[in-house]
């Protein structure tokens with residue numbers, strides 16, 4: 003139940019943040035992504051003219067990336083960036099946003115998200131079954147004029163408060179460990195062990211508009227913070243409601 007609740011909280015938070023493109027517009031200013039693109043855009047060895055795009059265009063293509071990775075990678079190779087509008091308002095396409103290796107890496111990310119989606123659906127099923135069994139048990143106890151205290155220990159409902167405290171302690175220890183080891187080192191370690199070893203995932207800014215437009219890994223760190231913060235909020239709300247209902 004706890005694992006299913008965490009997975010579902012993570013997934014719901016991911017879906018919510020996807021609707022606002024993971025606050026890219028906010029992080030664009032906070033992390034200095036504009037200046038980063040102005041510096042490294044002209045140095046790109048595979049694509050030209052990205053530094054001439056408008057801020058709105060950069061936000062648009064990031065939104066396209068978010069949409070694609072959440073839909074099995076559909077359209078990743080076709081994302082195109084456009085130059086500033088002409089006098090008549092027409093937009094001129096400059097180039098495709100990603101080269102082959104970048105598309106391959108983002109496809110790996112999309113595949114991972116697809117697995118995540120399936121896990122979330124499974125967690126949803128587990129929670130629905132649990133709730134159904136709980137309702138059935140309450141009706142049965144009422145019909146038999148029994149209380150939960152009359153049941154054997156293995157049928158007693160879990161102590162959600164203690165479970166939550168244990169979870170908070172575990173998350174706290176993991177957070178401390180990440181800062182001791184180093185967020186960047188953890189980021190690289192995860193990439194090395196999650197993605198196929200023969201698939202490139204590290205790109206210099208001069209070789210990748212993906213890395214440049216996202217100021218990797220800075221943006222990913224910011225997204226991780228807001229994702230886990232929202233997950234903690236969703237999980238806490240779920241736990242609060244569950245404790246209220248399951249008294």
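In the numbering used here, the protein residues as written are 3 to 249.
All C-beta atoms, glycine included, are put in the ideal place defined by N, C-alpha and C.
If you're wondering where the values come from, they're calculated on a predicted model, not measured in any experiment.
query: Please report the straight-line C-alpha distance between residue 128 and residue 7, rounded to a whole angstrom.; result: 9 Å
query: Going by DSSP in three states, residue 86 sits in which element: helix, strand or coil?; result: coil
query: Residue 24: which of 34, 4, 61, 9 sits nearest, CA to CA?; result: 61
query: Can you give me the start and stop residues for the alpha helix (DSSP H) that residue 23 sits inside?; result: First-last for residue 23: undefined, no H or E at that position.
query: How many angstroms separate the CA atom of residue 193 from the CA atom of residue 203?; result: 7 Å
query: Taking its Cβ as the centre, do 16 or more other Cβ atoms sit within 10 Å of residue 46, making it buried, or is it exposed?; result: buried
query: Quick one: using the 10 Å Cβ neighbour count with 16 as the cut-off for buried, is residue 107 buried or exposed?; result: buried
query: In whole angstroms, what is the alpha-carbon distance linking residue 78 and residue 109?; result: 8 Å
query: Please classify residue 119: does DSSP put it in a helix, a strand, or coil?; result: helix
query: Using DSSP's beta-bridge definition, name the partner residues of residue 98.; result: 82
query: Around the C-beta of residue 239, are 16 or more other C-beta atoms found within 10 angstroms, so that it is buried, or is it exposed?; result: exposed
query: Distance check for residue 95 and residue 185, CA to CA, integer angstroms please.; result: 37 Å
query: Should residue 209 go down as buried or exposed, given a rule of 16 or more other Cβ atoms within 10 Å for buried?; result: buried
query: Could you tell me the alpha carbon to alpha carbon distance between residue 225 and residue 54, rounded to whole angstroms?; result: 26 Å
query: Report yes if the CB atom of residue 233 is closer than 8 Å to the CB atom of residue 15, and no otherwise.; result: yes
query: Taking all protein chains shown into account, do 16 or more other C-beta atoms lie within 10 angstroms of the C-beta of residue 75, making it buried, or fewer, making it exposed?; result: buried
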